Amino acid sequence: MTNDYLIASLRLAVPLAFAALGGMYSERSGVLNIALEGMLLTGAFTSAAATFYTGNPWLGVLVALIAGGLVGLLHAFLCVTLYVNQLVSGLAINLVAAGLTAFLARLIFNGASTQRLPGIEPIVIPGLANLPIIGELFFQQDMLVYLLLALVVASLYILFHTSFGLTLRAVGEYPQAAATAGVSVTRVRYLAVMLSGCLASLGGAYLALVQIKFFTEGMSAGRGFIAIAALIFGRWHPVGITLACLLFGATEALQLRIQALGANIPYQFLVMLPYAIALFALLGLAGKSKPPQGLGIPYTPEQGLRNKG
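Right under this line is the structure:
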């Protein structure tokens with residue numbers, strides 16, 4: 024029973040963690056990314072559609088990566104080049120993604136959005152997979168889970184032990200100083216937001232090809248917004264973000280267990296439990312979690328030129 028609960032918690036946390044890590048790169052560069060929900064949904068739809076046509080889930084993952092990068096590129100173009108309000112841009116992308124994926128899903132799947140898809144199967148590591156509790160939890164997972172674990176470690180190293188990480192953090196904290204040092208703020212922000220889209224789309228691909236194995240309209244179900252809460256709760260740090268996602272995943276797994284046990288509680292209250300926990304977590308961090316100083320503030324090349332002058 025406990026083992027099943029831990030496995031469910033991990034699987035429910037994976038799409039949140041992909042999206043939150045993506046949001047971390049974008050927001051560390053100073054670009055607010057409310058579009059994580061739309062990026063998740065785009066990744067889920069494109070991976071499902073590509074898998075439906077080709078029968079190869081890994082091609083679906085590749086297509087999701089490309090689509091997520093393009094959505095990130097759109098967000099970067101609107102925010103970094105056109106100086107559109109970053110909150111408005113993110114919300115617009117969410118709305119367009121929700122409507123467009125619903126429309127295209129009805130065309131592609133002929134109204135049968137629950138069309139079963141070939142999914143990504145878990146890899147069983149001989150010997151280790153038979154260990155009690157941790158065997159099934161860590162050594163009977165699919166490649167996307169292992170990729171996520173590698174990304175957490177890689178992100179920790181990149182952010183705090185590489186010149187790119189230092190540049191990314193400098194652009195997010197004080198872009199004028201970074202520009203004075205010769206850094207292209209525009210280039211760094213474009214790269215970070217596109218990377219954000221790619222990672223968030225992997226979370227969508229996990230939803231469609233591992234967790235559910237079909238696409239249905241609005242299947243992201245607010246996970247992008249919970250990922251934003253995890254991003255803030257984890258203080259824009261890879262390890263903190265991952266732990267926050269595990270907390271929210273465990274909460275969602277708990278409400279599903281309570282429903283399965285047939286407790287005399289209206290299911291609507293149980294469904295809202297993960298969102299309530301996210302809200303209370305943010306309320307508890309009020310005034311304690313400080314975002315990058317340049318987050319949400321447009322940067323124009325003229326500012327950099329004035330500083331150089």
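Numbering (this note's numbering), first residue to last: 24 to 332.
Ideal placement from N, C-alpha and C gives every residue a C-beta, glycine not left out.
This one's a predicted model, so the numbers in the text were calculated from it and none came from an experiment.
Assumed close pair residue i, residue j - CB separation to whole angstroms, cut-off 8 Å
i: A267; j: F256; result: 4 Å
i: M47; j: L254; result: 6 Å
i: L33; j: L127; result: Wrong, their Cβ atoms sit about 31 Å apart, outside the cutoff.
i: V233; j: I143; result: 5 Å
i: L59; j: G45; result: 7 Å
i: G158; j: L167; result: Not quite, the Cβ-Cβ distance comes to about 19 Å (not below 8 Å), so this is no contact.
i: L55; j: L318; result: 6 Å
i: A42; j: G247; result: 6 Å
i: A276; j: A67; result: Actually they do not touch by this definition, with Cβ atoms about 20 Å apart.
i: F162; j: I181; result: So it is not a contact: roughly 26 Å between Cβ atoms.
i: M242; j: I235; result: 7 Å
i: L88; j: I116; result: That pair is no contact at about 17 Å.
i: E240; j: A90; result: Contact doesn't hold; Cβ gap of about 17 Å is too wide.
is_contact[residue i, chain C] using C-beta, thresh 8 Å
i: G220; result: As a matter of chain content, chain C is missing from the structure shown, which is built from one protein chain.
Alpha helix (DSSP H) segment containing residue i, residue limits
i: I251; result: 246-256
i: A42; result: 25-51
i: F68; result: 59-77
i: C221; result: 208-229
i: E275; result: 261-283
i: T190; result: 186-196
i: T124; result: 109-131
i: I89; result: 80-99
Check whether residue i and residue j have beta carbons under 8 Å apart
i: V37; j: Y229; result: yes
i: P315; j: R51; result: yes
i: A201; j: V208; result: yes
i: F75; j: L140; result: yes
i: V262; j: V119; result: no
i: G83; j: C221; result: no
i: Y213; j: V103; result: yes
i: A231; j: S49; result: no
i: F237; j: L39; result: no
i: I57; j: L123; result: no
i: Y322; j: P145; result: no
i: L130; j: S112; result: no
i: G195; j: G95; result: no
i: V206; j: T185; result: no
i: A304; j: A244; result: no
i: Q278; j: L296; result: yes
i: I156; j: N287; result: no
Identified DSSP bridge partners for residue i
i: I146; result: Q164
Distance cut-off 7 Å: residue i Cβ against heavy atoms of the ligand NAD
i: A87; result: Inclusion of the ligand NAD in the displayed structure is not the case, the ligand content being empty and no account of it being possible.
Does the structure place the stretch 61-80 close enough to the stretch 219-228 that three or more beta carbon pairs sit under 8 Å?
yes
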